[in-house]
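Please read the structure below before turning to the comments.
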Amino acid sequence: MGNNTGSRAYKGNILYSKDKDTLISKENSYIVVMDGVVKEICDQLPNGFPKENIIDWGNHLILPGFCDMHVHAPQFLQRGVGMDRELLDWLNTYTYPNEAKFRDKEHARKIYSLFADELIRQGTLHVNCFSSIHYDASEILFDILEQRGLFAFTGKLNMDQNSADYYIETTEQSIIDTERFIRQHQSDGNVKASIVPRFSITCSEKLLAGLGRLSEKYGAPVHSHMCEALNEMKICKELFPDYKNGAEIFYKNNLLGQRPTIMAHCIFMDDDVLELMKNPNCMAVHCPEATANVNAGGIMPVKKLLNMGINLAIGSDIGGGANLSIARGIATTIQHSKIRNMFDPQWEAVNLKEAFYMATRSGGRFFKNVGAFDEGYYFNALVVDDSSVCSDDMTPVERMERFCYAGDDRNIRMRYILGKEVV
Ligand code: GUN
Ligand code: FE
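To get the numbering used here, take the position in the sequence shown, counting from 1, and add 106.
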């Protein structure tokens, strides 16, 4: 890590979202950063700005670090396996046996280190992740995310029904361990504890109610899956006949919108569910690659949710997704929305500005002051070097688009968190 005292100015072609329709591009400009926080963007530095405090990235792009708002850390190993299965079949055949291995702390340490390394390599500096049901392994994940300096939310997974006998917990233990985990992480660091019921069908009503009480007691945010697959929704209806829909199960148990709430997938949402998700505390996470891989039966109508003003982000959802790159997630979001538009023309495809916004500023909202370069935002940034294929007739926005579609981690020359080099 470089040292970080006083003002620094980072020069390059600076890109960030102002809102879903506005992508700001400042060519050959400086981001002035004081103690890790953005002060201003300017095309000329004030007279007397110390030369040694200028970091000149020349013609490279400077982008906000990406936000992966739904990812399963323990599924890092199983990426790309069982991708021809339907969701519930995939969970039972591949996922539960794989996650059960995290009862072994050494295994957890090894895989979670690899996972964190790969997040950083791919330019994901802000992450919202699931662990497994194991208390110790969840602590290990928390510590590794913190040691790497990432901005993160994570929690101990909950499931007390409809899983395999080797990978399940009792309702009581699940609540006890979750409370312990939250109490352990009440401090103000950049990694925070959240409450993570896997999804409604693996959680009893008693468990959900208990987790809702914990969320209220500690002000803890919630992260789960909802309205992901046709099969899942059918079983959910059978298990919870007294609730109108999948969202109401969470809502009535104090787990949707009362505190910051992230719901992955949100593909099949009727008007009542959309209304609940319009709450500014809620965020829906589009996981395009996982949707295609584990045969959910549909594609999120991203444009509809964007137009309704529902908070939206992108998730890699590994191991449903196989790729941790959120840059690639931007491309896939656009591609899938075009396919959806072919079958349902009422919703236009998503454009680059919208997808980039979802991947940066919009996801970053959950952490506050990350994902853009407004004054007061943290300088959590990537330097993208495409010099081997760069030509003068391309704008910085076009170059960023090409990086999302055709680039990879080899193009990321530098990563900064709080203004410090991540090495
Ligand atoms: N729904 C419940 N658990 C999971 C999971 O691990 N991955 C995905 N994609 N969906 C889920
Ligand atoms: Fe998931």
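Built from N, CA and C at the ideal position, the CB exists for glycine as well.
For this session: Report yes if the C-beta of residue 325 is less than 8 Å from at least one heavy atom of the ligand FE; otherwise report no.
Result: no
For this session: Using a threshold of 9 Å, state whether the C-beta atoms of residue 425 and residue 215 are closer than that.
Result: no
Exercise. Thinking just about the alpha-carbon of each residue, which of 180, 514 and 450 is nearest to the one in residue 432?
Worked result: 514
Exercise. Roughly how many whole angstroms lie between the Cα atoms of residue 157 and residue 500?
Worked result: 29 Å
Problem set entry | Beta bridge counterpart(s) of residue 489 as assigned by DSSP | 168 and 520
For this session: For residue 217, I'd like the list of residues in its chain whose CB is within less than 8 Å of its CB, leaving aside the five on either flank, ordered along the chain.
Result: The answer, listed in chain order, is 179, 180, 182, 183 and 208.
For this session: Could you tell me if residue 107 is buried or exposed, where buried requires 16 or more neighbouring beta carbons within 10 angstroms of its beta carbon?
Result: Confidence is the limiting factor: at residue 107 the pLDDT is only 37, short of 50, which leaves the residue's position unreliable, though a coordinate-based value still follows. With a 10 Å radius around the Cβ and a threshold of 16 neighbouring Cβ atoms, residue 107 comes out exposed.
Exercise. From residue 524 to residue 145, what does the alpha carbon distance come to, in whole angstroms?
Worked result: 13 Å
Exercise. What three-state label does DSSP hand residue 469 in the structure shown?
Worked result: helix
Problem set entry | Distance, residue 492 Cα to residue 139 Cα | 24 Å
For this session: Going by CA-CA distance only, name the one from 457, 247, 191 and 503 that's closest to residue 120.
Result: 503
For this session: Kindly list the residues whose CB is nearer than 6 Å to the CB of residue 281, restricted to its own chain and excluding five residues on each side of it in sequence; keep chain order.
Result: 316
Exercise. Skipping 5 residues on each side, what residues in its chain have a beta carbon closer than 6 Å to that of residue 483?
Worked result: 144 and 475
Exercise. At a cut-off of 8 Å, is residue 439 close to the ligand GUN when judged by its beta-carbon and the heavy atoms of the ligand?
Worked result: no
For this session: For the beta strand (DSSP E) containing residue 233, list its first residue and its last residue.
Result: 230 to 236
Exercise. Hey, would you say the C-beta of residue 426 is under 8 Å away from at least one heavy atom of the ligand GUN?
Worked result: yes
For this session: With DSSP as the reference, label residue 355 as helix, strand or coil.
Result: helix
For this session: Take residue 286 and list the residues in its own chain whose beta-carbon comes closer than 8 Å to its own, dropping the five residues that flank it on each side.
Result: 241
Exercise. Of the choices 378, 468, 401 and 329, whose alpha-carbon is the least far from that of residue 417?
Worked result: 468
Exercise. Excluding sequence positions up to five away, which residues of its chain have a Cβ less than 6 Å from the Cβ of residue 486?
Worked result: 171, 231, 476 and 523
Exercise. Helix, strand or coil: which one does DSSP assign to residue 135?
Worked result: If DSSP states are grouped into helix, strand and coil, residue 135 belongs with the strands.
Exercise. Looking at the structure shown, is residue 556 part of a helix, part of a strand, or coil, going by DSSP?
Worked result: As displayed, the chain neither begins before 107 nor continues past 529, which places residue 556 out of reach and without an answer.
For this session: Please work out which residues of its chain come closer than 7 Å, Cβ to Cβ, to residue 274, disregarding the five sequence neighbours upstream and downstream, and give them in chain order.
Result: 265 and 266
For this session: Would you check if there are 3 or more beta carbon pairs closer than 8 Å linking the region 453 to 471 to the region 406 to 422?
Result: Contact annotation: the region 453 to 471 touches the region 406 to 422, with at least three C-beta pairs closer than 8 Å.
For this session: Helix, strand or coil for residue 397, going by three-state DSSP, please let me know.
Result: helix
Problem set entry | Span of the beta strand (DSSP E) around residue 371 | 367 to 371
Exercise. Where does residue 127 fall in DSSP's three states?
Worked result: In the structure shown, the three-state DSSP call for residue 127 is coil.
For this session: Could you check what DSSP says for residue 529 in three-state terms: helix, strand or coil?
Result: Coil.
Exercise. Among 224, 395, 310 and 420, which one has its Cα closest to the Cα of residue 427?
Worked result: 395
Problem set entry | residue 236: CB within 8 Å of a non-hydrogen atom of the ligand FE | Checking the Cβ of residue 236 against the ligand FE gives yes.
Problem set entry | Sequence ranges, alpha helix (DSSP H) only - wholly within the region 251 to 336, length at least 4 | 277 to 290 and 311 to 324
For this session: Could you check how far apart the C-beta atoms of residue 298 and residue 259 are, in whole angstroms? I think they sit under 8 Å.
Result: 5 Å
For this session: Give every residue of the same chain whose Cβ lies closer than 6 Å to the Cβ of residue 359, excluding the five residues on either side of it in the sequence, and list them in chain order.
Result: For residue 359, the CB contacts under 6 Å within the same chain, skipping 5 residues up- and downstream, are 314, 315 and 318 in chain order.
Exercise. Among 435, 126 and 117, which has the Cα closest to the Cα of residue 459?
Worked result: 126
Problem set entry | Nearest neighbour of residue 470, chosen from 296, 430, 440 and 212 [CA to CA] | 296
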